[in-house]
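One point on numbering: in UniProt numbering, the residue at position 225 of the sequence shown is 225, and numbering is uninterrupted.
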Amino acid sequence: MTDQLTPIDRAKYTAAHCAADFVQDGMRVGLGTGSTAAWMVRRLGTRIKQEGLRIIAVPTSTRTAQLARDVGINVVSLDEARWLDLTIDGADEFDAELTLIKGGGGALLQEKIVATASDQMIVITDAAKEVKTLGAFPLPVEVIPFGWRATKALVEEVLASMDVMGQNSSLRVNGDKPFVTDEGNYILDLDLGRIGNPRQLALVLNQVPGVVENGLFVDIADQVVIGHADGTCELR
Ligand code: 5RP
1 MTDQLTPIDR AKYTAAHCAA DFVQDGMRVG LGTGSTAAWM VRRLGTRIKQ EGLRIIAVPT
61 STRTAQLARD VGINVVSLDE ARWLDLTIDG ADEFDAELTL IKGGGGALLQ EKIVATASDQ
121 MIVITDAAKE VKTLGAFPLP VEVIPFGWRA TKALVEEVLA SMDVMGQNSS LRVNGDKPFV
181 TDEGNYILDL DLGRIGNPRQ LALVLNQVPG VVENGLFVDI ADQVVIGHAD GTCELR
């Protein structure tokens, strides 16, 4: 079936399948969001049917929750699970320190909460997302709708004193309306070009009133599984 996929999608599929093998019977698993994570969720559904794998899972978005239920995964809330053994999720960019940019799919808030409440986070990706310096992918920042224009102005002001190349941000839209996250918030996409100090930027952004969370994942990912179109995986 992978014959019909583009090389990038074959790579994502491969990464997802390799990482799904890390899931063991009895585990509490965090399920990421996005096209790569969706392959992993489908694969876990197949393992449940074929091998009798028993897991409980916490999804990071309504989309993932729906897919997980559709493929027969036992979905619970994070409060019910309390703590997770493993979270498997995609990313938009990663660097040599395994710092990530996430949130391209708008699920960064639940993704960060779930990954942080896990013993281990495995990132699944194709090789094109590996970068020397983060920032070519616009950094998503989740903000509350109240006063979002003021929050946007403050975020841009803060960026002026940061080690980044650009300072512009734009409100993510869905047609002619703001994109609304599962938590009822908006997303600002920051066009930074280059992020010199992701750790510092992540801390400073979260101090701006109105900012709920940013898409920089620092010291959260433990391992990256890079899939290739030829069906092989590499671990970082
Ligand atoms: C969603 C995310 C995704 O993991 C990220 O956007 C990667 O998506 P894909 O696997 O479709 O390339 O952070 O908020």
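Every residue, glycine too, gets a C-beta built ideally from N, C-alpha and C.
- Contact between Leu98 and Val225 does not hold, since their C-beta atoms are separated by about 12 angstroms, which reaches or exceeds 8 angstroms.
- Linking Cys233 to Cys18 through their CA atoms gives a straight-line distance of about 7 angstroms.
- Exclusion of the five residues before and after Ile48 leaves Gly72 as the residues of its chain whose Cβ lies within less than 6 angstroms of its Cβ.
- Per DSSP, reduced to three states, the secondary structure at Gly45 is helical.
- By the neighbour-count criterion, in which 16 or more other beta carbons inside 10 Å mark a residue as buried, Gly184 falls on the exposed side.
- Contact annotation, Thr33 with Thr64: C-beta distance approximately 5 angstroms; criterion of less than 8 angstroms satisfied.
- Taken in chain order, the whole alpha helix (DSSP H) runs of length 4 or more contained in the stretch 46–100 are 62–70 and 78–81.
- For Glu111, the enclosing alpha helix (DSSP H) has its first and last residue at Leu108 to Thr116.
- With the rule of 3 Cβ pairs closer than 8 angstroms, the stretch 39–56 counts as touching the stretch 11–27.
- By the Cβ-count criterion, Arg82 is exposed, with fewer than 16 other Cβ atoms from all chains shown falling within 10 Å of its own Cβ.
- Rounded to the nearest angstrom, the Cβ distance from Lys129 to Asp189 is 17 angstroms, too far for a contact under 8 angstroms.
- Assigned with DSSP and collapsed to three states, Asp222 falls in coil, not helix or strand.
- The way I'd put it, the stretch 201–216 does touch the stretch 138–149; three or more beta-carbon pairs between them come closer than 8 angstroms.
- With the rule of 3 Cβ pairs closer than 8 angstroms, the stretch 151–163 does not count as touching the stretch 111–125.
- Assigned with DSSP and collapsed to three states, Thr33 falls in coil, not helix or strand.
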